[in-house]
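Numbering (this note's numbering), first residue to last: 10 to 413.
Every residue gets a Cβ at the ideal spot worked out from N, C-alpha and C, and that includes glycine.
Take a look at the structure set out below.
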């Protein structure tokens, strides 16, 4: 990093898979592209992650990655047994070392404000004491749900004052007209003054990208990881898709090899089974896959849903119940605004998927009525938080976040 760079640290934990890290990777790319335009200074920094995402798409110029050890979940969504106290201490010390070394102008924390096992709490409070000019932002998906509100890593009533001390803003990566976590109580009312709604972090697919469909008509399934990802993948593998279409079925990168083998064995002719997106050699990112598909079936995680919203492909969301109520709440909210269709896991069969595909192939699902410009609004918010006057080009986008 150069002396005149805007120095950034983006932190994401690994509980729940790579979604947090990939969200920060997309945000880092947007900040790297737009902050120089908005502020006249290059943005550089560190992605501090619990999951290695170096192969997960285009890497932002000027950014390094530091991967924290341990603490993640296995393919079934369980936290492995191990010396949790020791691992938490090591992770906390690594976070502290990165913050001390980088001396960031901006820190963005994705998800839990204190991280797993409160590993962020002491480093953030030390940063506040030693570098009061550093801007610290908490980034949240638009749906938190009951499991978030009850989690020890979230905001207990006695922690509200501590969060107000540690954070300057809370960015909610969604459209409050679709789902507003303030009105539902998922975010405590006492924090309302910190909240800015950015819109969904939807990049939109780059034109002309080569996809797994090879330009031929095809439908796409993004099955996810864990037991329910395997359930969706098996049902999709047995699905008879519309005539003249191939079926590209993508299993989650963490799906156990034996589950992936079962999916391949069950696949009907015309089904191409791939493991993991993005990051496959020679294969473009999932956004390009979604945009190129005649229809998409997906789990209800934030990442794949945001990718879908950036296209006009018809989409069927199959929420994973094991992920808590969040995926179903997200899917139902978007269904209520005409953005997706929903199939609950208890109704999941190959016949149900095939029937939906035959109904929607050849149609489009416009989504321009949703707030989808989070990757423009968030850098504008950052530019106005950083030293110097709020850039004129940012004002309208910042007001959009304030008024959401």
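Beta-bridge partners assigned by DSSP to residue 333: none are found. Take residue 250, set aside five residues on each side of it, and the residues of its chain with a beta-carbon closer than 6 Å to its own are 228, 256 and 366, in chain order.
The continuous beta strand (DSSP E) containing residue 230 extends over residues 227 to 231. The secondary-structure analysis by DSSP pairs residue 173 with nothing; it has no beta-bridge partner. Spanning the alpha carbons of residue 100 and residue 277 requires a straight line of approximately 45 Å.
The criterion of a C-beta distance shorter than 8 Å is satisfied by residue 15 and residue 52. Taking every protein chain shown into account, the CB of residue 308 has 16 or more other CB atoms within 10 angstroms, so this residue is buried. Its chain contains 50 as the residues whose beta carbon lies nearer than 7 Å to that of residue 13, once the 5 sequence neighbours on both sides are disregarded; these appear in chain order. By the C-beta criterion, the segment 314 to 322 is judged not to be in contact with the segment 235 to 242, since fewer than 3 inter-stretch pairs fall below 8 Å.
By the neighbour-count definition (other C-beta atoms within 10 Å, threshold 16), residue 178 is a buried residue. Residue 23 and residue 57 have their alpha carbons spaced roughly 11 Å apart.
C-alpha of residue 152 to C-alpha of residue 248: approximately 30 Å in a straight line. With a cutoff of 8 Å on beta-carbon distance, residue 208 and residue 386 are scored as near each other. Sixteen is the threshold: since fewer than 16 other Cβ atoms of the shown chains lie within 10 Å of the Cβ of residue 378, the residue is exposed. The alpha-carbon of residue 264 is positioned some 13 Å away from that of residue 273. Cβ-Cβ distances below 7 Å link residue 135 to 105 in the same chain, with the five nearest sequence neighbours on each side left out; the list follows chain order.
Per DSSP, reduced to three states, the secondary structure at residue 205 is strand. Under DSSP, residue 382 forms a beta bridge with 210. Following the DSSP letters along the chain, one finds residue 58 in no alpha helix (DSSP H) but inside the beta strand (DSSP E) bounded by residues 52 to 58. If you keep only unbroken beta strand (DSSP E) runs of at least 3 residues inside the segment 91 to 136, you get 115 to 119.
Check the Cα spacing between residue 235 and each of 266, 54 and 321: the tightest is with 266.
Taken atom to atom, the span from the alpha-carbon of residue 191 to that of residue 259 is near 35 Å. By the Cβ criterion, the segment 160 to 174 is not in contact with the segment 338 to 352, since fewer than three pairs of Cβ atoms, one from each stretch, lie closer than 8 Å. Looking at the backbone, the Cα of residue 226 and that of residue 188 are separated by about 34 Å. Residue 356 has no beta-bridge partner at all, per DSSP. With a cutoff of 8 Å on beta-carbon distance, residue 37 and residue 19 are scored as near each other.
Counting only residues of its own chain and dropping the five nearest sequence neighbours on each side, residue 30 has a CB closer than 6 Å to the CB of 21, 58, 60 and 62.
C-alpha of residue 113 to C-alpha of residue 182: approximately 22 Å in a straight line.
The C-alpha of residue 39 lies about 29 Å from the C-alpha of residue 329.
Residue 29 sits in a helix when the DSSP states are folded into three classes. Counting only residues of its own chain and dropping the five nearest sequence neighbours on each side, residue 359 has a CB closer than 6 Å to the CB of 244, 247 and 248.
Sixteen is the threshold: since fewer than 16 other Cβ atoms of the shown chains lie within 10 Å of the Cβ of residue 67, the residue is exposed. Of the candidates 46, 204, 10 and 185, the residue whose Cα lies closest to the Cα of residue 388 is 46. One Cα belongs to residue 281, the other to residue 376, and the distance between them is close to 28 Å.
The C-alpha of residue 200 lies about 13 Å from the C-alpha of residue 206. With contacts defined by Cβ atoms closer than 8 Å, residue 111 and residue 54 form a contacting pair.
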